[in-house]
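The sequence shown runs 508 to 763 under this note's numbering.
Each remark here refers to the structure printed beneath this line.
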Amino acid sequence: MHNLTKYSLASACKPLDYLLEKTINASSTENCKKCFPLQFQDLTDKKFKDTERDKTQTPAYKRPPEHLKTESCRLVPAGSRSALTILIESHVRERLDEMMKAAECTIEKRLEKVASELAQKNTELVNTWAEFVHLSQEKRQVLARERALSRQMDTAVHLSAQGSSLPSLIERKEQEVISIHHFLEATVHEVCGKARLQHFIENLLQRIALAERHLEYYQSASRHRDYKKHTVRICIQPDAKCMCILKFPPKCHTTR
508 MHNLTKYSLA SACKPLDYLL EKTINASSTE NCKKCFPLQF QDLTDKKFKD TERDKTQTPA
568 YKRPPEHLKT ESCRLVPAGS RSALTILIES HVRERLDEMM KAAECTIEKR LEKVASELAQ
628 KNTELVNTWA EFVHLSQEKR QVLARERALS RQMDTAVHLS AQGSSLPSLI ERKEQEVISI
688 HHFLEATVHE VCGKARLQHF IENLLQRIAL AERHLEYYQS ASRHRDYKKH TVRICIQPDA
748 KCMCILKFPP KCHTTR
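Okay, structure coming up:
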């Protein structure tokens, strides 16, 4: 806005400088007419012809403005320069005020337009950002699904690779189960045999102990002479749980 105002002021001051320059040239021309009337007349005629010849070639931006070509702007004597200057300054101020108002209106309109465009761009930016966030979330979800599908695909490939060797694996597992079953059966038979053997050994030990007690008894009784001598035979049967003592007729027994 400052640059625009400066440019407007510079443009508005051009007519004032132009008129002041013309006034000074007019005063100088009057003095020259008094000193050299003939030479000045010839020079004036020549200059007029040159001006008429070059009038069509003069650019429009070098000509004085049309609104300044009024009766009040005609060349006046040097004594009336102050009044002309005041008149021109007032006209320039009015023109400058009009230009300032027009510039302010234009600037306000442009500011309103820029503000509306800025609000529109801000809304578009917010919508774009929301769409970007939504697309980012969708992208993360798609990547998660892709990883899950990749894991499922790897598992399916692994299972399909193992499917070819599955029958042999099943047969091997069946053989292992059969071997374990046979081992368990053998273990059961072994445990049963060990239990029977332990029971037999316990019975045998009981019978041996009973036989030893009977033997001690008969040895102690054989010391008496008038005791009826007899022989004791011990019969041990594997399936019997008790011992049978059988008495036989007495034999010759020598006591030491």
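Yeah, the Cβ is synthetic: ideal placement off N, Cα and C, and Gly gets one too.
Beta-carbon within less than 6 Å of CYS542's beta-carbon, same chain only, minus the 5 sequence neighbours each way: which residues are those?
Position 35 of the sequence shown, counted from the first residue, corresponds to residue 542. For CYS542, the predicted model reports a pLDDT of 48, less than 50, meaning its position is unreliable; a value from the coordinates is still stated below. The answer is none, since no qualifying residue turns up.
Do you know how far the Cα of HIS665 is from the Cα of LEU656?
What you label residue 656 is simply residue 149 of the sequence shown in a count that begins at 1. What you label residue 665 is simply residue 158 of the sequence shown in a count that begins at 1. For LEU656 and HIS665, the distance between alpha carbons rounds to 14 Å.
Determine the burial state of ILE593: buried for a count of at least 16 other Cβ atoms within 10 Å of its Cβ, exposed for fewer.
Counting from 1 along the sequence shown, the entry for residue 593 is found at position 86. Only exposed fits ILE593, as fewer than 16 other CB atoms lie within 10 angstroms of its CB.
Look up SER671 in the DSSP assignment and say whether it is helix, strand or coil.
For the purposes of this step, residue 671 is taken as residue 164 along the sequence shown, with counting starting at 1. Coil at SER671, not helix or strand.
Buried or exposed for THR530, please, with buried defined as at least 16 other CB atoms from any protein chain shown within 10 angstroms of its CB.
As a first step, residue 530 is located in the sequence shown; it is residue number 23 there, counting from the start. At THR530 the pLDDT is 48, less than 50, meaning the model places this residue with poor confidence; the figure from the coordinates comes in the next sentence. That one is buried.
From SER672 to GLU681, what does the alpha carbon distance come to, in whole angstroms?
Taking the first residue of the sequence shown as position 1, residue 672 is located at position 165. Taking the first residue of the sequence shown as position 1, residue 681 is located at position 174. So the two alpha carbons sit approximately 14 Å from each other.
According to DSSP, is SER729 part of a helix, a strand, or is it coil?
Within the sequence shown, residue 729 is the residue found at index 222, counting from 1. Three-state DSSP puts SER729 in coil, outside helix and strand.
Excluding five sequence neighbours on each side, which residues of the same chain lie with their C-beta closer than 8 Å to the C-beta of THR577?
The residue you call residue 577 lines up with position 70 of the sequence shown. Confidence at THR577 is low in this model, with a pLDDT of 46, below 50, so the placement of that residue is unreliable and no value is reported for it.
Express the C-alpha separation of ARG703 and GLU719 in angstroms, rounding to a whole number.
Looking up residue 719 in the sequence shown gives position 212. Looking up residue 703 in the sequence shown gives position 196. Each residue's alpha carbon lies about 24 Å from the other.
Identify every run of the alpha helix (DSSP H) within the segment 602 to 637, keeping only runs that are complete inside it and at least 4 residues long; order them along the chain.
none
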